[in-house]
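Here the UniProt record's numbering is used: position 78 in the sequence shown is 78, and no number is missing along the way.
First comes the structure, then the notes that go with it.
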Amino acid sequence: MAVDFGRHPHLLVLGDNECGKTAALRTLCREIVRTHTAARAQLLIVDFRHTLLDVIESEHMGGYVSSPAALGAKLSSLVDLLQARMPAPDVSQAQLRARSWWSGPDIYVVVDDYDLVAVSSGNPLMVLLEYLPHA
Numbered sequence: 001m002a003v004d005f006g007r008h009p010h011l012l013v014l015g016d017n018e019c020g021k022t023a024a025l026r027t028l029c030r031e032i033v034r035t036h037t038a039a040r041a042q043l044l045i046v047d048f049r050h051t052l053l054d055v056i057e058s059e060h061m062g063g064y065v066s067s068p069a070a071l072g073a074k075l076s077s078l079v080d081l082l083q084a085r086m087p088a089p090d091v092s093q094a095q096l097r098a099r100s101w102w103s104g105p106d107i108y109v110v111v112d113d114y115d116l117v118a119v120s121s122g123n124p125l126m127v128l129l130e131y132l133p134h135a
């Protein structure tokens, strides 16, 4: 399987229990680290079961969240960062294509066991929804 985040910025891994979803996420995280510098890629890992606890041990780790309370605080900071990256009205089409109106690393949000995060009482990740088209 090949993933080109430049062409398709989102990836969803679905499957039954014990089918390899976490292994796929581990591989994805390791490949991001292998192919990008920490200045170019930061990972925010949401992992309530601690199954990705040791996957990244480098400066690529933008955050590791293992509880709902910690997730809210981390997402608040991430939303502030994403808001600052939104293009101003005077940004040209060429700048939009080149993504040159902002600088900084690409942010990869990796969520293992999404069903533990998006619960009946709410989904804290919904605060990212308005930024997904701009990824």
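Even for Gly, the Cβ is constructed at its ideal location relative to N, Cα and C.
Computed from a predicted structure; not experimentally measured.
Return the CA-CA distance between I56 and R30, expressed in angstroms with no decimal places. 7 Å
Report, in whole angstroms, the separation of the C-beta atoms of R34 and D112, which I expect to be a contact under 8 Å. Not confirmed; about 19 Å, so no contact.
In terms of residue numbering, what span does the alpha helix (DSSP H) encompassing I32 cover? 21 to 35
Can you tell which of A38, M1, P89 has its C-alpha closest to the C-alpha of L28? M1
So within the UniProt domain "FtsK" (1 to 135), which uninterrupted alpha helix (DSSP H) runs reach at least 4 residues, ignoring any that extend past its ends? 21 to 35, 68 to 84, 93 to 98, 114 to 117
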